[in-house]
Amino acid sequence: MTLRVRFSAEDLARVRLTTTPDPLAEATFSLPLLQRSGAAALEGWRQRSLRELSPVVRPLLELAPAGLDEYVPEAFIRVRGSTSLEHSLDATWSMPRHVWAADLSVAREWRPSVPRWIDELHDGDREATRLVDRAFRSYYDAVVAPYWRQLAACVQADRAHRVRLMAEHGVERLLATLHPSLRWESPVLHAPCSMDVDLPLEGRGLLLTPTFFLTAPVFRLDSADPDAPLEVRYPVARELGVYQAVLAPTGSGDEHLGHLSGLLGRTRARVLDAAAAGGGTAELARRAGISPASASEHATVLRTAGLITTQRTGSSVRHRLTPLGRALLDGTPC
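Read left to right, the sequence shown gives residues 1325 to 1658 (our numbering).
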């Protein structure tokens, strides 16, 4: 069974990438994973998180339980461009009532026996809203916040890669390499589905959203706005090493570089970190604890990738981070 997303020339011109990961959406997508054992890459994170959970998070486990395939409550994955969980929650509670109503209709479609309190939440019940708001804050602090810097950097690294890919090779190469489970045969993007579906975009375009707490791509039409782009959320972590680097226990060695070690390699991540203060090759080598020859080699790779610049004055050189290198190191938007 296959979902076939059909593009026009207009749709190809309207492919966009989300700028930054949203804390509330990532927390929401993590809920089913936390409740489902079996993924070795996530097991350490699951066990640590379950030990830290407060009883106040129980409503969330009912809001987004395991076993509903790709469904999570749409209301909590709508915000984009947020800088904090506080901002995401404020924006979510401020959504118009027709959006909440549309989201509830989707919830009922996926869950015919949706709990009554979830109906009340979508109807604007203050007590239900207060309970869920409190639950998300507690849950995020225990389960997502300890890894947010690494997570955000991982997402930004993937986004930067996609932007370069689109700039150098075009949007069709971007679509062809989005995820191993997806197949691009111009002008159609094929995806696994529980039924055969043809979906012409008809000028709506496509919004690509890199997401950490996903194990497979998720396609979503906006239930409240039929003219909105089709959103494709795709997982940025595909290898065990990336999950382990991002979800490394707090207090591990090179903690602040955990998100980069799985992407660049531990030594190269140290060289990138060393370049944050600027300096010559010998300074980078000293800070990273490697030989000057090795530092020079790694600096060349980082410069080719657009992560550092090297300015030569006579016989001396000085390395500095580029804006992309800084964003990758800090886990901030590019």
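We put the beta carbon where it would ideally sit given N, CA and C, even for glycine.
Distance between residue j and residue i (C-alpha atoms, nearest Å)
i	j	result
residue 1559	residue 1342	13 Å
residue 1325	residue 1515	9 Å
residue 1361	residue 1427	28 Å
residue 1521	residue 1329	8 Å
residue 1492	residue 1627	17 Å
residue 1503	residue 1541	8 Å
residue 1327	residue 1507	10 Å
residue 1616	residue 1622	10 Å
residue 1553	residue 1593	36 Å
residue 1372	residue 1517	33 Å
residue 1610	residue 1349	40 Å
residue 1421	residue 1557	25 Å
Per-residue burial, residue i [other beta carbons within 10 Å of its own, 16 or more giving buried]
i	result
residue 1595	buried
residue 1456	buried
residue 1378	exposed
residue 1597	buried
residue 1638	exposed
residue 1535	buried
residue 1424	buried
Residue i: first and last residue of the uninterrupted alpha helix (DSSP H) it sits in
i	result
residue 1352	1347–1358
residue 1498	1495–1500
residue 1608	1605–1612
residue 1341	From DSSP, residue 1341 is part of no alpha helix (DSSP H) but of the beta strand (DSSP E) over 1339–1341.
residue 1615	Careful: residue 1615 lies outside any alpha helix (DSSP H) and carries neither H nor E.
residue 1362	Element bounds for residue 1362: n/a, residue is neither H nor E.
residue 1591	1590–1598
Whole-number beta carbon distance between residue j and residue i, since they are thought to touch under 8 Å
i	j	result
residue 1415	residue 1429	Not really, about 21 Å apart at Cβ, beyond 8 Å.
residue 1599	residue 1632	5 Å
residue 1381	residue 1459	5 Å
residue 1537	residue 1400	That belief does not hold up - the Cβ atoms of residue 1537 and residue 1400 are roughly 12 Å apart, past 8 Å.
residue 1409	residue 1464	5 Å
residue 1356	residue 1389	7 Å
residue 1335	residue 1528	7 Å
Residue span of the beta strand (DSSP E) that contains residue i, given as start and end
i	result
residue 1640	1640–1645
residue 1632	1632–1637
residue 1329	1326–1330
Residue i CB to nearest heavy atom of the ligand SAH below 6 Å
i	result
residue 1462	Among the components modelled here there is no ligand, and therefore nothing to report on the ligand SAH.
Which ranges does the alpha helix (DSSP H) cover as unbroken runs of at least 4 residues, wholly within the stretch 1448–1474, from first to last along the chain? 1450–1463
Where in the stretch 1487–1567 do unbroken runs of the beta strand (DSSP E), each at least 3 residues long, occur, reported from the N-terminal end onward? 1507–1509, 1512–1516, 1521–1524, 1530–1535, 1542–1544 and 1554–1559
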